[in-house]
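Take the sequence shown: its position 309, counting from 1, is numbered 312 in our numbering, and each next residue is one higher. Just so you know, even glycine gets a beta-carbon here, dropped at the ideal spot from N, CA and C. It should be emphasised that the depicted structure is a prediction, and the values quoted were computed from it without experimental measurement.
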Amino acid sequence: MTQAPKKLFIKTYGCQMNVYDSERMAEALGASGYVTTEVQDEADMVLLNTCHIREKAAEKVYSDLGRLRPLKEAKPDLKIGVAGCVAQAEGEEILNRMPLVDLVVGPQSYHRLPEMEARVGQGGRAVDTEFPEDDKFAALKSRPKAKRGPTAFLTVQEGCDKFCAFCVVPYTRGAEVSRPAERIVAEARGLVEAGVREVTLLGQNVNAWHGAEGGLAALVGQLAQIDGLERIRYTTSHPNDMDEALIAAHGHEAKLMPYLHLPVQSGSDRILKAMNRKHTAEEYIRLIERIRAARPDILMTSDFIVGFPGETDADFEATMDLVREVRYGSAFSFKYSPRPGTPAAERKVQVAPEVMDDRLQRLQGLLTQQQRAAQDAMVGRETTVLLEKPGRLPGQMVGKSEHLFAVHVDAPEALRGEIVKVRITEAGPNSLGGTLLA
Ligand code: 5AD
Ligand code: SF4
């Protein structure tokens, strides 16, 4: 008699790398007889893949765990696991605070999930938050060949050696590690065979990738040779790792999309120094000029932190000035959140919450205006769209443009997974509308 498969529910918090990790964890647990479910209540195992970047994200994990109590009481065999960066940073504390948690696995150890799951099955609890010598990607089996949607993430680099003064990543994800080019190319080929047309290369510091001579530009060049792989993106980059070759690739590599997320965090040199970003506002602006010289229509995006300890009104105005000068396509902005163990959390000059609120509102107002302007500027232009799924209205499909705008197009569902030519005809607050061109 074959056993009914066990069901796995994964909740993913935080960044795209967690989205990728969740897929790989689901695949790893497939070997233990699990299939994924979208319905938490029918799960035999619930795994929270967590984010530690800001306090709010980390605290949400504990409230979500609390909410799992009734389910665990109703189903005592339910296994509950915490994965990701909160697991890494607070492993023991999670077990102490939350008796219902059975296993805790850090982002570098999840290839060991099947053994851990087996241990929990025998009534124990399991914790693994090591940075093991063995590479988890080498230990994970190759990815299943099942048909996939047309876009995929592919982690090429992990960890960070930059130690920005506010950031937990160097502690939760560890030192910078690049996956070897052959493995990445092999994984990309497999994805393309499974139906993928666009890959987004992921890394906390993706443009510091050094898995082969020539850096990320060389990797992009190799991937661009894969037939059937039509679009390449990468995120997230540090300004100091944008080398000449990568800038040039934006000019000559047709498969590299005209979109670049290049966080600057602040426009004040004093704050950039205190953040340990190791570049000035002027250097960042000059860098963007060089990138735009290579690819004039590239859409720039960024992350910003307001209220970093010691940030004055003048510092904040410098950030507003930088935003006005760069003109972003979109951007994320956050209130500074002190993180345990980071140098900035020790600083005495924390900014008052109401000042942070006010600055965040003003910055977001300006960024929204710029986003609208970038969307409006697309109207009338021709672009390509990778159709991903049906839109809201019948007979409509939605996909992403080269500049990563969501675009609604009247098109048959048979075109799903295809890259089509579109003229943009309208810009709404969250997406563009367009018509198919022959
Ligand atoms: N507080 C607020 N925002 C932060 N980020 C990273 N650490 C913090 C923090 N302690 C933001 C940065 C980074 C993005 C992923 O999250 O802007 O680029
Ligand atoms: Fe964190 Fe990015 Fe700075 Fe690395 S470069 S420490 S991941 S903000």
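Asked: Check whether the Cβ of C167 lies closer than 6 Å to any heavy atom of the ligand SF4, and answer yes or no.; Found: yes
Asked: How about C18: is its Cβ closer than 6 Å to a heavy atom in the ligand SF4?; Found: no
Asked: Less than 6 Å separating the Cβ of S340 from some heavy atom of the ligand 5AD?; Found: yes
Asked: Which ranges does the alpha helix (DSSP H) cover as unbroken runs of at least 4 residues, wholly within the region 172-217, from first to last along the chain?; Found: 172-175, 184-196
Asked: Taking 6 Å as the cut-off, is the CB of F337 close to at least one heavy atom of the ligand 5AD?; Found: yes
Asked: Rounding to the nearest angstrom, what Cα-Cα distance links D361 and I308 in this structure?; Found: 13 Å
Asked: Let me make sure I understand the geometry here. Which of T154, P432, A60, E405 has the alpha-carbon closest to that of V195?; Found: T154
Asked: Would you mind sorting K66 into buried or exposed? The rule is 16 or more other CB atoms within 10 Å of its CB.; Found: Per the sequence presented here, residue 66 reads as Ser, with Lys not at that position. With fewer than 16 Cβ atoms within 10 Å of its Cβ, S66 is classed as exposed.
Asked: With a threshold of 6 Å (Cβ to nearest heavy atom), would P153 be considered close to the ligand 5AD?; Found: no
Asked: Going by beta-carbon coordinates alone, are A191 and L226 separated by less than 7 Å?; Found: yes
Asked: Ignore the nearest five residues each way along the sequence and tell me which others in L219's own chain have a CB closer than 7 Å to its CB.; Found: V209, N210, W212, Y237, L249
Asked: May I ask whether a heavy atom of the ligand SF4 can be found less than 6 Å away from the beta carbon of Q207?; Found: yes
Asked: Determine the burial state of E93: buried for a count of at least 16 other Cβ atoms within 10 Å of its Cβ, exposed for fewer.; Found: buried
Asked: Measuring alpha carbon to alpha carbon, tell me which residue in Q268, F12, V89, R295 is nearest D306.; Found: Q268
Asked: Would you say R57 touches the ligand 5AD, meaning its beta carbon is less than 6 Å from a heavy atom?; Found: yes
Asked: I'd like the span of the beta strand (DSSP E) that includes M48, first residue to last.; Found: 48-53
Asked: For the ligand 5AD, is there a heavy atom less than 6 Å away from the beta-carbon of P266?; Found: yes
Asked: So if DSSP puts P242 in a beta bridge, which residue, or which two residues, is it bridged to?; Found: Answer is none; P242 lacks a bridge partner.
Asked: In terms of residue numbering, what span does the beta strand (DSSP E) encompassing M400 cover?; Found: 399-404
Asked: With 16 as the cutoff for other CB atoms within 10 Å, does E445 come out buried or exposed?; Found: What the structure shows of the chain is the stretch from 4 to 441, and residue 445 is not part of that stretch, so it cannot be assessed.
Asked: Assign L396 to one of two classes, buried (16 or more other C-beta atoms within 10 Å of its C-beta) or exposed (fewer than that).; Found: exposed
Asked: Do the region 37-54 and the region 4-22 meet, that is, are 3 or more Cβ pairs less than 8 Å apart?; Found: yes
Asked: Under a Cβ-count criterion, where at least 16 other Cβ atoms within 10 Å of its own Cβ denotes burial, should V425 be classed as buried or exposed?; Found: buried
Asked: Give the C-beta separation of M260 and R234 to the nearest angstrom, bearing in mind that I take them to be a contact with Cβ-Cβ under 8 Å.; Found: 6 Å
Asked: Considering only the alpha carbon of each residue, which of E95, D47, L98, H55 lies closest to L74?; Found: D47
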